[in-house]
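Chemist: Numbering (my numbering), first residue to last: 1 to 389.
For every residue, glycine included, the Cβ atom is placed at its ideal position computed from N, Cα and C.
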């Protein structure tokens, strides 16, 4: 009976460490260090390039460009570059309407995915700082300056915005996503005080141009790779609390599931590509952060599977195992209920949150299978989010 108990301990220990133990250790260690304060704003703001990779974003691209052009930043030092991943709707036509206002369009002849679009922009970058942003998100007008100001610190290579998950005018948006995003931003705040964040917000982050020029394979995640590349070259990455970007929640659990499978698959391959950064003898606390924040989280679905195997062995002889099995079954039912819940009606919070995390576990297993089978699928279908005007 020893093996089932060992499996049960793994099933409990891995998620407890990944989601509770790790941030508590971060909080403890970072409390012994001085708070990281932003450097003073520069006298002369550096030239910046904002890149926006898009695929069939005719619903939101006009509003996005208007907002970017109204950022609180010297207009003569702002390059706006839209990269169309072979869009088939009116996206390119709408972007061309902004050409008199300085917006540039690069169109890919064939679809290659988000990273391929970002790679295609590399020869056209004129800014010293490159800001990557999604079409569907809305940044605070002052957020760009707040990101760029951090590069006055010569040790900073990447500055990431703070995601705030918001619902659109429809009230059926996925509320489980909101609780997770808030948790993730808290962890990044703690990492900033220690060895730096190990993943940037794909919606809105800035990076020094010479670091961004490093080519990232199309199947990988550039926003995850950015802090890794920065660390390789001796820079640290920070999360900027007051650089707020509003990210509309996915409209359904199915949308969020597909997004998680895609991002986790690419993340696993990116981590494997940069696996040397897990060496604590060379990269110290950063290696610990990378292993804890990413690898341990991604191992949680497998640990829970081991737990299910343990429960199957212990249920006939242990009452607590029976009750734990009931809990597992209830979580699975919650996930299924959330999956089939009508998108047009509001999902109650007591169901939405467990359904979100159950779907996340399933998405994690799906992502591992994709990664092990090398099904990278770099051609991305952007998550269609309902956007506030």
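Does the Cβ of residue 134 have 16 or more other Cβ atoms within 10 Å, making it buried, or fewer, making it exposed?
Modeler: Classification for residue 134: buried.
Chemist: Excluding the five sequence neighbours on either side, which residues of its own chain have a C-beta within less than 8 Å of the C-beta of residue 217, listed in chain order?
Modeler: If we look at residue 217 and ignore the five residues flanking it on each side, its Cβ neighbours are 115, 273.
Chemist: Quick check on DSSP: helix, strand or coil for residue 146?
Modeler: Helix, per DSSP.
Chemist: My output table needs one value for residue 88: the three-state DSSP class, helix, strand or coil.
Modeler: Coil, per DSSP.
Chemist: Where residue 245 and residue 82 are concerned, what is the direct C-alpha to C-alpha distance, given to the nearest angstrom?
Modeler: Each residue's Cα considered, the two are about 19 Å apart.
Chemist: DSSP three-state call for residue 287: helix, strand or coil?
Modeler: DSSP places residue 287 in helix when its eight states are reduced to three.
Chemist: How would you call residue 124, buried or exposed, if buried means at least 16 neighbouring beta carbons within 10 angstroms?
Modeler: Exposed, since its Cβ has fewer than 16 Cβ neighbours within 10 Å.
Chemist: Residue 270 and residue 224 look like a contact to me (Cβ under 8 Å); what is the Cβ gap, rounded to whole Å?
Modeler: Confirmed, about 5 Å.
Chemist: Spatial neighbours of residue 211 within its chain, please: C-beta separation below 8 Å, excluding the five flanking residues on both sides.
Modeler: Closer than 8 Å at Cβ, skipping near neighbours: 157, 158, 226, 229, 230, 233, 235.
Chemist: Beta-carbon separation of residue 243 and residue 162 under 8 Å?
Modeler: Yes, these two residues count as a Cβ contact at 8 Å.
Chemist: Residue 2 by DSSP, collapsed to three states: which one?
Modeler: If DSSP states are grouped into helix, strand and coil, residue 2 belongs with the helices.
Chemist: Less than 6 Å between C-beta atoms, sequence neighbours within five positions excluded: which residues of the same chain meet that for residue 335?
Modeler: Excluding residues within five positions, the ones whose Cβ falls inside 6 Å are 355, 358, 359.
Chemist: Between residue 89 and residue 56, how many whole angstroms is the CB-CB distance? I'm expecting something under 8 Å.
Modeler: About 5 Å separates the two Cβ atoms, so the contact holds.
Chemist: Give the single residue among 253, 80, 36, 155 whose Cα lies nearest to the Cα of residue 52.
Modeler: Selected option, being the one with the closest Cα: 80.
Chemist: State the CB to CB distance for the pair residue 206 and residue 103, rounded to an integer number of angstroms; the pair is presumed to be in contact (CB under 8 Å).
Modeler: Actually they do not touch by this definition, with Cβ atoms about 19 Å apart.
Chemist: Judging by CA-CA distance, which residue of 195, 121, 18, 287 is the nearest neighbour of residue 213?
Modeler: Comparing Cα positions, the closest option is 121.
Chemist: CB-CB under 6 Å to residue 15, same chain, minus the five flanking residues each way: which ones, in chain order?
Modeler: Counting only Cβ-Cβ distances below 6 Å, and skipping sequence neighbours, we find 300.
Chemist: At the level of alpha carbons, what is the spacing between residue 320 and residue 143?
Modeler: Cα-Cα distance, rounded: 50 Å.
Chemist: For residue 293, which residues from the same chain have a beta carbon less than 6 Å from its beta carbon, with the 5 sequence-adjacent residues on both sides left out?
Modeler: These residues qualify, in order along the chain: 198.
Chemist: First and last residue of the beta strand (DSSP E) that includes residue 161?
Modeler: Taken as a continuous stretch (DSSP letters only), the beta strand (DSSP E) holding residue 161 covers 156-166.
Chemist: Just to confirm, are residue 112 and residue 48 a CB contact at a threshold of 8 Å?
Modeler: Cβ distance not < 8 Å, so residue 112 and residue 48 don't count as in contact.
Chemist: Considering only residues of the same chain and omitting the five flanking positions on each side of residue 373, which have a CB-CB separation below 8 Å?
Modeler: Once the five neighbours on either side are set aside, residue 373 has no close Cβ partner at all.
Chemist: Determine the closest residue to residue 58 out of 33, 74, 96, 76, with distance taken between C-alpha atoms.
Modeler: Considering only alpha carbons, the answer is 96.
Chemist: Compute the Euclidean distance between the alpha carbons of residue 75 and residue 275, then round it to the nearest angstrom.
Modeler: Rounded to whole angstroms, residue 75 to residue 275 spans 40 Å at the Cα level.
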